[in-house]
Each structure stands twice: as C-alpha cells, then as structure tokens.
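Numbering (the numbering used here), first residue to last: 476 to 867.
See structure below.
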Amino acid sequence: MSGRTFIQNPGPTNIPERILRAMARPAVDFGTEDFGLLLGSSLKTLNQYMANSGPLIGYTSTGHGAWEATVTNMFDVGASVLLCDSGHFSHRWGEMCEAHGLDVQWFETSWQRGVDPDALRDALSAESGAKIQGVLVAHTETSTGVTSDLAAIRDVLDDLDHSALLVVDSIASFGCAPLDVDELGVDACLAVSQKGLMMPVGLAFSGISERAVEAAYANPRRRFYWDWRRRLEVEGYRTFCGTPPIHHIFGLNEALSMFEEEGGIHAVTNRHRRLATAVRVAVQAWSSAGAIEFNAVNEHERSDSVTCVRVGPEYDADQVIEVARDKYNLTMGKGIGPLAGSAFRIGHLGDLNVPMILGALGAIETSLRTCRIPIGGGGLEAAAEELSDVSS
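Right, dumping it as structure tokens:
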C-alpha cells in the first residue's frame with residue numbers, strides 16, 4: 476500500500492525520524508565522562524518536566540517494571556493499599572500488588588468515569604481506610620480514555636490528613652497532559668518511553684518524593700534488580716542497575732531536545748490538548764446519529780492522550796479497526812476486557828501535528844462509513860474549525 480501508515484494507537488506511538496537517527500549509531504563506552512554527562516542531563520531534564528524535586532529512577536523495562544519497582548520498594552508484604560480500579564491496566568496493576576503479597580482494597584470507579592473524590596473520601600474515612608499505606612491511581616487509563624483529577628485526590632488526602640503515599644501511573648499522560656508532581660504531592664510518578672516521549676518501548680521511570688525514598692529505606696522486603704537503594708547509591712552510569720540502555724538514552728536525549736525546540740513541556744501539553752479537542756469535536760459530531768458514543772461519560776475526564784469510542788450493540792468495533800488498517804492504512808487500539816468488540820481507541824499522543832490528526836480523522840470517518848455505521852455529518856469540518864487560527 477502506498478504512503479505511510481498512520482499510527483493512531485495509544486502506544487507505541489509514532490517515532491520521529493530524528494529519534495530513529497539518534498539511536499542508529501555505534502555503541503559507546505558507557506563508563507566515559509561524556510556518556511555520564513549525557514545520561515545525567517537527560518534524566519535531570521525529564522525530572523524537571525515532571526516538576527519533581529526528588530530523585531528520578533530509570534529502568535530498562537516496560538511500564539510493568541515501573542509498577543513492580545514501586546510495589547517492591549514502597550510497600551512491605553501485607554501492607555494495605557487502595558487500588559483505584561478504573562480499567563484494564565489499573566486492574567492488572569492491582570493483580571500485581573496481590574501477587575507481591577499486598578492487601579489490596581479495590582476501589583471501583585467503573586470503566587467510564589474517573590476517581591470520584593467523595594467516594595474516595597468515604598473509602599479512606601472508613602475503619603479499613605485508616606490502615607491504607609498507599610493510594611494507587613492511573614492518571615489516564617489507556618483502556619478507557621478516562622483521566623482522573625489528581626488535584627481532587629490530593630485534596631481528599633490532605634483534608635483527611637491521611638498519611639497514605641500517593642502513587643500515580645502517568646504512563647499514558649506524561650508529556651500529554653499537565654502534571655506537577657511536587658504541587659500535587661505525588662510520591663511516585665510512573666512514566667515510559669513509548670507514548671508521550673515518542674520513543675521505542677524499553678524505558679520506564681519513577682519520579683519519587685523524599686517520603687518515597689524514606690519508605691524504601693525503611694522497607695524490609697527483599698529485592699534486588701528493582702531496589703532503589705542500589706540505584707541511588709552508585710555511580711551515575713550504573714543507575715540502571717546494570718549496563719545502561721545506551722541507545723535508548725541517545726533517543727531520550729533527542730526526544731527532550733525536540734520538546735525544548737517546541738517550547739518546553741507546557742507547549743507540548745498544549746499541543747496535545749488542541750489536537751485532542753479536535754478529535755473530540757469530530758467524535759461528538761459523528762455521535763449525533765446515535766450509533767457511537769464516548770466511553771468517558773464526563774466531558775472533563777476525556778483524555779488528551781486517547782479517545783475511547785463505543786459503538787452500538789448491533790455494530791462491530793473490531794470491523795472498523797480492521798477496515799481502517801487494511802483498506803485505509805490507519806491503525807487504532809481495540810477495546811479491551813468488557814469493551815472488546817464494542818469499542819475502538821483513537822490515540823492522539825506523541826509525534827503528531829494538525830495534518831496528521833486531520834488525515835487520521837478522515838480515515839476513521841471513511842472506515843465508519845464503509846462499515847455502514849450511521850454517523851452525523853460535519854465531523855471533519857468541526858475538527859478543522861477547532862484547529863484553525865480563526866477558532867483559536
């Protein structure tokens with residue numbers, strides 16, 4: 476098929492040519508001063524983008540590695556944690572916690588809404604809530620397109636004067652939505668390379684607070700590879716607890732340079748908000764025919780990273796995905812778990828601009844029409860108006 480495939484998955488995302496070229500070079504001696512400076516400056520910049528004054532820990536892993544590192548460093552076997560179960564990935568995180576012997580209190584949010592602060596207050600105020608040592612939440616749940624209000628969660632903990640550590644999975648939101656770790660009182664913020672950072676899979680990070688560091692040092696649980704102490708107490712080039720991922724660091728440095736050229740993290744998140752809004756107005760127009768709808772019920776909780784679209788029970792979302800991929804050269808995410816076959820997910824994060832998002836929306840609309848799913852008119856026009864200088 477001629478032309479390029481449009482990657483509208485919620486991860487891995489498009490990898491810019493600049494990053495691919497930066498990584499396509501011979502290996503270097505990671506013990507040199509030059510590489511140490513490159514590694515140190517990259518992690519420092521990334522930490523600044525998180526607005527985190529504590530340490531940043533890097534892992535050669537997927538996001539699951541960051542989950543496991545957090546669990547094994549911050550909480551001992553038997554510790555009680557409140558797991559905000561908002562979708563497929565947060566649920567798997569809870570299952571990991573159980574596998575590591577934690578006492579998981581499941582806080583259900585449904586797959587269509589974010590964390591309800593009032594319900595969270597009730598859960599933490601209950602007798603069982605007093606013993607909770609950690610509140611674990613996905614900022615944006617990739618499987619549902621729902622974003623929870625971290626400031627509201629922080630307010631609940633502060634109002635109750637609750638000592639629980641706040642652990643945030645920002646895997647689908649970092650680099651796509653505003654995030655200030657220090658201001659929000661986040662004790663561990665988890666991120667990965669293959670989403671907002673526009674890189675291949677293989678790097679994960681935890682930006683951690685001094686409270687989190689203290690918890691890790693006080694934790695008697697045995698651990699090795701994930702042990703933050705080993706990573707915080709050694710020479711800079713060994714912070715990955717072994718040979719550092721040299722070529723991924725080259726790519727990370729280039730990604731951060733691209734962020735700087737765009738105007739910094741705020742400019743990057745503003746671009747994501749603008750492109751996401753265009754996607755949402757298009758989906759809103761299509762939904763007027765009654766055959767599709769947003770999965771996220773509340774408008775203010777619709778993610779700037781991924782939009783999950785549900786189709787009516789008489790239609791097949793997987794067919795839409797297959798037609799888009801096989802006929803129109805565009806890939807999207809499938810519905811997961813209860814949403815399997817009934818939803819498709821439009822990723823709008825990473826290396827994207829206005830022509831790319833308009834082209835993607837055109838292909839999605841064409842796919843919906845090919846599958847004979849009734850849609851309202853004016854979706855593309857609404858997106859173009861949203862992105863035009865006139866509307867801004």
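Quick reminder that beta carbons are idealized off the backbone N, C-alpha and C, glycines included.
It should be emphasised that the depicted structure is a prediction, and the values quoted were computed from it without experimental measurement.
Could you check where the alpha helix (DSSP H) with residue 679 kicks off and where it finishes? Per DSSP, residue 679 is not a residue of any alpha helix (DSSP H); the beta strand (DSSP E) it occupies stretches across 678 to 683.
Quick one: measure Cβ to Cβ for residue 813 and residue 586, integer angstroms, because I've assumed they're closer than 8 Å. About 6 Å separates the two Cβ atoms, so the contact holds.
Reduced DSSP category for residue 559 - H, G, I as helix; E, B as strand; rest coil: In this structure, residue 559 counts as strand in the three-state DSSP scheme.
Leaving out five residues before and five after residue 858 in sequence, what residues of the same chain have Cβ atoms less than 8 Å from its Cβ? If we look at residue 858 and ignore the five residues flanking it on each side, its Cβ neighbours are 753, 754, 756, 757, 832, 833 and 836.
Between the alpha carbons of residue 853 and residue 759, how many angstroms are there, rounded? Rounded to the nearest whole angstrom, the C-alpha separation of residue 853 and residue 759 is 10 Å.
Buried or exposed for residue 720, please, with buried defined as at least 16 other CB atoms from any protein chain shown within 10 angstroms of its CB. Answer is buried; the Cβ neighbour count reaches 16.
For residue 795, count neighbouring Cβ atoms within 10 angstroms of its own Cβ and tell me buried if that reaches 16, exposed if not. Residue 795 should be labelled buried.
Would you say residue 843 faces chain D, with C-beta separation under 7 Å as the test? No chain D appears in the structure shown, which is made up of a single protein chain.
When burial is assigned at 16 or more other CB atoms within 10 Å of the CB, is residue 723 buried or exposed? Taking all protein chains shown into account, residue 723 has 16 or more neighbouring C-beta atoms within 10 Å of its C-beta and is therefore buried.
Would you say the stretch 658 to 677 touches the stretch 759 to 772, given that touching needs at least three Cβ pairs under 8 Å? Flag = no, the stretch 658 to 677 and the stretch 759 to 772 do not touch.
Using CA coordinates, which residue listed in 670, 627, 659 and 640 is at the minimum distance from residue 647? For residue 647, the closest alpha carbon among the candidates 670, 627, 659 and 640 is that of 670.
Three-state secondary structure (DSSP) of residue 633: Correct three-state label for residue 633: helix.
Residue 863 to residue 622, Cα distance in whole Å? In this structure, the straight-line span from the alpha carbon of residue 863 to that of residue 622 is close to 26 Å.
Residue 642 to residue 844, Cα distance in whole Å? Near 42 Å, if we compare the C-alpha coordinates of residue 844 and residue 642.
For the alpha helix (DSSP H) that contains residue 545, what are its first and last residues? Where residue 545 is concerned, the enclosing alpha helix (DSSP H) stretches over 538 to 549.
Return the chain-ordered ranges of every beta strand (DSSP E) run that is complete within the stretch 588 to 628 and spans a minimum of 3 residues. Scanning the stretch 588 to 628 for uninterrupted beta strand (DSSP E) segments of 3 residues or longer gives 607 to 613, listed from N- to C-terminal end.
Integer-rounded CB distance, given that residue 514 should sit under 8 Å from residue 521: About 11 Å separates the beta carbons of residue 521 and residue 514, which is beyond the 8 Å limit, so they are not a contact pair.
If you pair each beta-carbon of the stretch 654 to 664 with each one of the stretch 488 to 496, do three or more pairs fall below 8 Å? In the pairwise beta carbon analysis, the stretch 654 to 664 is classified as not touching the stretch 488 to 496: fewer than three pairs are separated by under 8 Å.
Whose CA, out of 575, 655 and 590, lies closest to the CA of residue 529? Among 575, 655 and 590, the Cα nearest to that of residue 529 is on 655.
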